[in-house]
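Report on the following structure.
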Amino acid sequence: MGASQSGRVHMFQDLADKTGFSIEQINNLRNRFMYLTQDEDTLRREHLENISNLALNPIRRQIIEAFFDKRNLGEKEKGCLQEIGFEEFVMVLSFFRPPKPRTSDEEMKNIKKEKLRFLFNMHDTDNDGVITLDEYRRVVEELLSSYETIGAETAKAISDAAMLEVASVTVGQMGPDEFYEGITFEQFMQILKNVEIETKMNIHFWNLDKRTMQCGK
Amino acid sequence: RRNRFGCYQKSKRMFILVLGLLVGSLMPLGGASGSPGSGTGQDECKKNNGDEKNGNKTTKKSFPVLSLNYENVRLPFEISLWVLLASLMKLGFHLMPRLSSIVPESCLLIVVGLLVGGLIKLVGKAPPVLESNIFFFYLLPPIILDAGYFLPIRQFTENLGTILMFAVVGTLWNAFFVGGLLYGVCQLEGTNLAGVNLLSCLLFGSVISAVDPVAVLAVFEEIHINELLHILVFGESLLNDAVTVVLYHLFEEFTNAGTITVTDGFLGIVCFLVVSLGGIVVGAIYGILAAFTSRFTSHTRVIEPLFIFVYSYMAYLSAEVFHLSGIMALIACGAVMRPYVEANISHKSHTTIKYFLKMWSSVSDTLIFIFLGVSTVAGPHEWNWIFVVATLVFCLVARVLGVIGLTFVINKFRIVKLTSKDQFIIAYGGLRGAIAFSLVYLLNPKHFPMRNMFLTAIITVIFFTVFVQGMTIRPLVDLLAVKKKQETKRSINEEIHTQFLDHLLTGIEDICGHYGHHHWKDKLNRFNKKYVKKCLIAGERSKEPQLIAFYHKMEMKQAIELVESGGGSKLPSAMPSTVSMQNIQPKKPPQDRALPQLSKAREEEIRKILRTNLQRTRQRLRSYNRHTLIADPFEDGLDEILIKRKKMKELEKKISQMNNYLTVPAPPADSPSVARARLASVPDRFPPTDPQAWGLKSVTEIPTIKVELVSPQNPESVKVVDEFSKKGSQPKGSEEEGGLTMRVPSSEKQRKDKTPDEEPQPRFMRCLSDPGPAAEDEDEDEPFLP
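If you read the sequences in order, they're chains A and B. Residue numbering for the first sequence follows the working numbering, beginning at 2 and increasing consecutively. Residue numbering for the second sequence follows the working numbering, beginning at 349 and increasing consecutively.
This is the structure:
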């Protein structure tokens, strides 16, 4: 018992260094992980799908997929896993950690790039490095999926308009016969540069062990 | 000849009318001048009558052709004169751009007020003082309503905790610090201020510690700092009204009562909660009423703005009846009703509301500052060096200490911490203004013998903050390189991703089991969608998701812009781009195209027909009366209109359904000429193809935005829906290659760059001049007139 405790603390320290969380935050996350997986070692998709609040979310599919996406776990290869361990869980969540107050501008740019990369990976479901029109259309459809009355044509119109905008802003001049493949990561960064991702894409991770146990499923 | 005769008749009639009016207006004046004691300006007439009476009782008194009766119109005349003076001053300042870039407008206005007050005093009359009633009931509400209606809700709620901390705890700290230290100073020997008791000092402290929204708005709007700082300081200035009201009444009561007990202190806290929450509840109730009323105004569009204004004003007054916080009621009312009202009212009403609010608040703001200047000259003053200087110093010190201390605590809970630059701006932006002055003016001199001294001190502090801090904040902001406001145009991509982020963060919060900001916001949104929107929004729009509404708005705005810019003749382009839809679409095999190839000649013919239609319609749109707001169809070509009227009915219905998207104005009884003009103008944007062509496609192939609105129509109205809704997603093969409409695809892309930033961040400067119709697309009263 003592050995595994110290082993766990050691692992936590590693994780803390790698992801930037504090030890208390990692402890809380560990408790939450155990709660979600019902004390198993690995997290599977069903565990996340069991969260009732998540069921009301229109983009839950993509959120759940993001946890199992190898690209988010720092691996060079593409594809997805079937189950992840605690370490991967924390790594994915580290994308939402607010930047520390004394980060330099350089680091802020890197953080912003990482967060945008996470978003990009969420949209680019076929892992080809480009968000095609179809993929973008699916994104818009998912966003509107909670409104039953909206037909597919609407989503198509909106996603078409959005793609058009991206193409116009980033590429500019295109002949009538050229074909715009899709949104690359650089273009993605360019169109979202006004949305302050590094300050917006954060959630609060509590230091104190207040809420992680008694919150909803 | 017919015209000339008609003109002659008209001018003769007018002459008779004018003569009649003249006689009619002079009669009562003449009659009035005969009555005794009717004012100072009628001495001559009186003398005339008197002479006649004394001299010769039998002769008839002469008919007074011209007489003076000032007393009758004295009050409205003077008010109008002041308003005119204020507006002319404003005009003058903006004609001198160098001056207005150095000195903020509020300073200039106070100086003008000083001059005017000095002039009036020289003449020998007593200059008018800023009566508290006038200030609180007439001058302040427009400014607050303007602020509340256009409050950026998203930023406000995100920073609500911080704002509340500054507003409540910060103001309390300021009040007690300043009040307590002043009392200490008063107790010192040699200041002969021993008559000031603790309660008076505390009251004074509570009045002077409140940051003033009028002053903050006046200065901050000109310096364009980033939204976070703006909303922090501005939000604080709005919410601290509750604290000020409670403290003010509390200390006033205690001064009357004489003794304080612990119960009283406890009651004070309860009172604070009642005042603030009560004010918000009152405001919210009126806001919901206004939203509900606006649901039914589709047939009486003209009075829609009136409802908004009256409901808001009633909210303010109702809150004042119970001594609740009127400012918070007004803010709550405006913020609550806005999303629902905007979904219900017409575009014209929306513009009216916006411009009226800006106009009223601008006039109010100007008048307040001028009157501050005049009141300074009017006095009464009692200058006490030590007291005034001590007040000033303590105010500044308290503000700085308060901000630093509170930020230290707040930063533990904030995700985005406040830097020291931010803190400096927040501390420096704590301007005092007319509210403090008016509150002190209201004090009863019997209970507060040092009232005049308080007035003097407050005026000094106000002058210092407005002049010194107001003038230096702009160079300081530049010096410290504080982040300025980004003039972003909300693009569809940003909107998509903002919504995506919202859902993503909510989902992650759920996974972490953390009930945070996003979770509750999501819950509120869902509640809103399920229950509230259905009650308060009329018709189909209640079920509409925000993304679609945004998309519609953007589309329509771009359409209007394109029409207004002359159908593509002059394109204020930012980024010419030749990317069009066909670059995006995956390559389709050619047999999918159902559009027949059009010859160039045919296309040109069609364009010419449509263009001439547009020209004729432009001439036709002449007048409207205020009851119906339709174009007068009885110019020429009446029979043409009658023929086309039936076809246009469906068109109007379609357009009226799109009416709410801040778009092409469409009162239900739209004249066919207007509708046809719209129809005719749109093809300048989309290349005209053979009308038969559309008949080939079935309805399902044509992407329409609102599927549920498309009712079985004849092909012509389907065609119109196409033009409004399709984004050129039809492959435009022949037209592009034809070279006739090469401008059109590029203009589509430029549209997006010209889209003014409307709903999400309406930042219309009250103090700065309206840039005019070129920069904004609001002049849709005359979209088709050259």
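Here a beta-carbon is modelled for each residue, glycine too, at the ideal position from N, C-alpha and C. A quick note: this is a predicted structure, and the numbers were derived from the prediction, not measured.
For chain A, check one thing: does any of its Cβ atoms lie closer than 8 Å to the Cβ of residue i?
i, result
"B/N841", "yes"
"B/Y879", "no"
"B/Y688", "no"
"B/L1088", "Bear in mind that the predicted position of B/L1088 carries a pLDDT of just 39, short of 50, making it unreliable; the figure below should be weighed with that in mind. Closer than 8 Å: no."
"B/I844", "yes"
"B/I896", "yes"
"B/I763", "yes"
"B/Y899", "yes"
"B/P1016", "For B/P1016, the predicted model reports a pLDDT of 43, less than 50, meaning its position is unreliable and no value from the coordinates is stated."
"B/R974", "Residue placement at B/R974 cannot be trusted, given a pLDDT of 48 that sits under 50; what the coordinates show is reported in the next sentence. Judged by the 8 Å Cβ criterion, B/R974 is not in contact with chain A."
"B/P893", "yes"
"B/K1075", "Low per-residue confidence applies at B/K1075: pLDDT is 41, beneath 50, and the placement is therefore not dependable enough to give any value."
Could you tell me which residues DSSP puts in a beta bridge with residue i?
i, result
"A/D70", "A/C81"
"A/I132", "A/I184"
"B/K832", "B/I573"
Cβ of residue i less than 8 Å from any chain B Cβ?
i, result
"A/D18", "no"
"A/K114", "no"
"A/R118", "no"
"A/V10", "no"
"A/E166", "yes"
"A/E51", "Per the sequence shown, residue 51 of chain A should be read as Asn rather than Glu. Closer than 8 Å: no."
"A/T213", "Note that A/T213 scores a pLDDT of 42, beneath 50, so its modelled location is shaky; the value from the coordinates is reported in the next line. It does; some Cβ of chain B falls within 8 Å."
"A/T38", "no"
"A/N54", "yes"
"A/T155", "yes"
"A/I159", "yes"
"A/V131", "no"
"A/I192", "yes"
"A/R33", "yes"
What are the start and end residues of the alpha helix (DSSP H) that includes residue i?
i, result
"A/E41", "Note, A/E41: premise wrong, no alpha helix (DSSP H); not H, not E."
"B/W521", "T519 to Q535"
"A/T1", "Because chain A in this structure spans residues 2 to 218, residue 1 of chain A falls outside the shown range and cannot be described."
"B/V567", "P561 to I571"
"B/Y634", "V610 to S642"
"B/I844", "I840 to C860"
"B/R762", "Taken as a continuous stretch (DSSP letters only), B/R762 belongs to no alpha helix (DSSP H), as it is neither H nor E."
"A/N122", "D106 to H124"
"B/W868", "H865 to F875"
"B/W731", "Where B/W731 is concerned, there is no enclosing alpha helix (DSSP H), given that its DSSP letter is neither H nor E."
Looking only at its chain, what residues have a beta carbon closer than 7 Å to the beta carbon of residue i, apart from the 5 residues adjacent to it on each side?
i, result
"B/Q434", "The sequence given here has Ala at residue 434 of chain B, not Gln. If we look at B/A434 and ignore the five residues flanking it on each side, its Cβ neighbours are V711, T714, L715 and I718."
"A/M202", "F97 and K116"
"B/L749", "none"
"B/D870", "T854"
"A/R138", "A156, K157 and S160"
"A/V140", "H124"
"B/V809", "I556, T739, L740, C743 and R780"
Can you list, in chain order, the residues of its chain whose CB lies under 8 Å from that of residue i, leaving out five sequence neighbours each side?
i, result
"B/I651", "T645"
"B/G465", "P475, G721, V722, S723, T724, V725 and A726"
Short of 6 Å in beta carbon distance, which residues of its chain neighbour residue i, apart from the five on each side in sequence? Order them along the chain.
i, result
"A/F87", "F34"
**Where the stretch 847-867 of chain B meets chain A: residues whose CB sits under 9 Å from a CB there** = So the list reads Q847, F848, L849, H851, L852, L853, T854, G855, I856, E857, D858, I859, C860, G861, H862, Y863, G864, H865, H866 and H867, given in the order they occur along the chain.
**Item:** Residues of the stretch 58-90 of chain A whose Cβ lies closer than 7 Å to any Cβ of chain B, in chain order
**Value:** So the list reads N58, P59, I60, R61 and I64, given in the order they occur along the chain.
**Message:** Which residues of the stretch 194-205 of chain A have a Cβ closer than 7 Å to any Cβ of chain B? Give them in chain order.
**Reply:** The stretch 194-205 of chain A vs chain B, Cβ under 7 Å: N195, V196, T200, K201, M202, N203, I204 and H205.
**Request:** Report the residues of the stretch 97-109 of chain A with a CB closer than 8 Å to any CB of chain B, ordered along the chain.
**Result:** Shown in chain order are the members of the stretch 97-109 of chain A whose Cβ falls below 8 Å from a Cβ of chain B: F97, P99 and P102.
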